[in-house]
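**Student:** In full-length UniProt numbering, the protein residues as written are 1 to 209.
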């Protein structure tokens with residue numbers, strides 16, 4: 001929704017703009033009842049501010065739209081731009097049965113960088129994938145990255161390898177084990193997740209040497 005939002009103060013009647021956007025999406029959804037209409041929110045770009053800018057306002061908008069076939073596509077980079085914890089946003093969308101799609105990538109939080117998966121935010125990405133598995137997500141996972149200087153085929157292959165490896169790491173740690181760490185709210189034990197991964201890498205490197 002590139003035209004969603006505004007750039008200047010006094011540029012927009014916020015309530016009117018919100019109602020128009022809600023009504024527009026509702027009209028599309030009602031005229032296409034057999035299709036899912038998924039909103040991929042973004043805090044800014046190309047506008048300085050957007051109306052559907054974060055997980056909370058987007059869920060509020062979906063509640064106002066009030067159509068069963070309207071939901072959310074979560075983009076990792078967009079959530080990071082908003083300084084959200086991606087796993088929390090996923091949990092909120094899932095709790096309302098509104099998770100329709102996933103775009104995985106990475107970035108430095110200020111822009112829609114579209115970098116390779118987990119190239120910057122490893123542990124947050126791992127937690128995000130853990131929640132995908134916890135909730136048995138079986139929908140679309142799209143690599144929304146921008147291989148401008150990289151070979152696009154090799155870049156895509158790398159994203160797939162990283163996703164599969166992180167998926168395997170969670171299986172090795174065990175969903176039940178991670179569930180217990182989360183249940184106990186033990187931040188030190190949660191750091192052991194990272195340590196166990198690093199120890200595994202160190203041991204594998206020693207075998208190769």
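Ideal placement from N, C-alpha and C gives every residue a C-beta, glycine not left out. Please read these numbers as outputs of a predicted model, since none were measured by experiment.
Buried or exposed, going by whether 16 or more other CB atoms sit within 10 Å of the CB of residue 165?
**Tutor:** Exposed.
**Student:** Looking at C-alpha atoms only, which residue of 93, 68 and 140 is the closest neighbour of residue 59?
**Tutor:** Selected option, being the one with the closest Cα: 93.
**Student:** Looking only at its own chain, which residues have a Cβ that is under 7 Å from the Cβ of residue 54, when we skip the five neighbours before and after it?
**Tutor:** 41, 43, 82 and 84.
**Student:** In whole angstroms, give me the CA-to-CA distance for residue 129 and residue 35.
**Tutor:** For residue 129 and residue 35, the distance between alpha carbons rounds to 26 Å.
**Student:** Could you check whether the segment 171–178 touches the segment 99–119, counting it as contact only if at least three pairs of C-beta atoms, one from each stretch, sit closer than 8 Å?
**Tutor:** The segment 171–178 is not in contact with the segment 99–119.
**Student:** What did DSSP end up calling residue 143 once you bin it into helix, strand or coil?
**Tutor:** DSSP places residue 143 in strand when its eight states are reduced to three.
**Student:** Per DSSP, what kind of secondary structure is residue 120 in: helix, strand or coil?
**Tutor:** Of the three classes helix, strand and coil, the one that applies to residue 120 here is coil, per DSSP.
**Student:** In angstroms, rounded to a whole number, what distance separates the CA positions of residue 49 and residue 4?
**Tutor:** Whole-angstrom Cα-Cα distance: 8 Å.
**Student:** Three or more C-beta pairs closer than 8 Å, one from the segment 144–153 and one from the segment 188–206: is that the case here?
**Tutor:** Taking 8 Å as the limit for Cβ pairs, the verdict is that the segment 188–206 does not touch the segment 144–153.
**Student:** By DSSP, does residue 163 sit in helix, in strand, or in coil?
**Tutor:** Of the three classes helix, strand and coil, the one that applies to residue 163 here is helix, per DSSP.
**Student:** Considering only residues of the UniProt domain "Xylose isomerase-like TIM barrel" (13–149), which uninterrupted alpha helix (DSSP H) runs meet the minimum length of 4 residues and lie entirely inside it, listed in chain order?
**Tutor:** Here the runs fully enclosed are 14–31, 55–65, 76–81, 86–95 and 122–134.
**Student:** What does residue 6 pair with, by DSSP beta-bridge criteria?
**Tutor:** In DSSP, residue 6 forms a bridge with 49.
**Student:** Between the Cα of residue 62 and the Cα atoms of 31, 74, 180 and 26, which residue gives the shortest distance?
**Tutor:** Ranking the options by Cα distance to residue 62, first place goes to 26.
**Student:** Confirm, please, whether the CB-CB distance from residue 116 to residue 158 is below 8 Å.
**Tutor:** In this structure, residue 116 lies closer than 8 Å to residue 158 by Cβ.
**Student:** Could you work out which residue in 180, 199 and 87 is closest to residue 77 when comparing CA atoms only?
**Tutor:** Among 180, 199 and 87, the Cα nearest to that of residue 77 belongs to 87.
**Student:** So, for residue 155: in the same chain, excluding its five sequence neighbours on each side, which residues have a beta-carbon less than 8 Å away from its beta-carbon?
**Tutor:** Closer than 8 Å at the Cβ level, and outside the excluded window around residue 155, lie 116, 145 and 147.
**Student:** Cα-Cα, which of 110, 22, 95 and 90 is closest to residue 67?
**Tutor:** Ranking 110, 22, 95 and 90 by Cα distance to residue 67 puts 22 first.
**Student:** Quick one: give me the first and last residue of the alpha helix (DSSP H) that residue 183 is part of.
**Tutor:** It spans 175–184 - the alpha helix (DSSP H) in which residue 183 sits, taken as one unbroken run.
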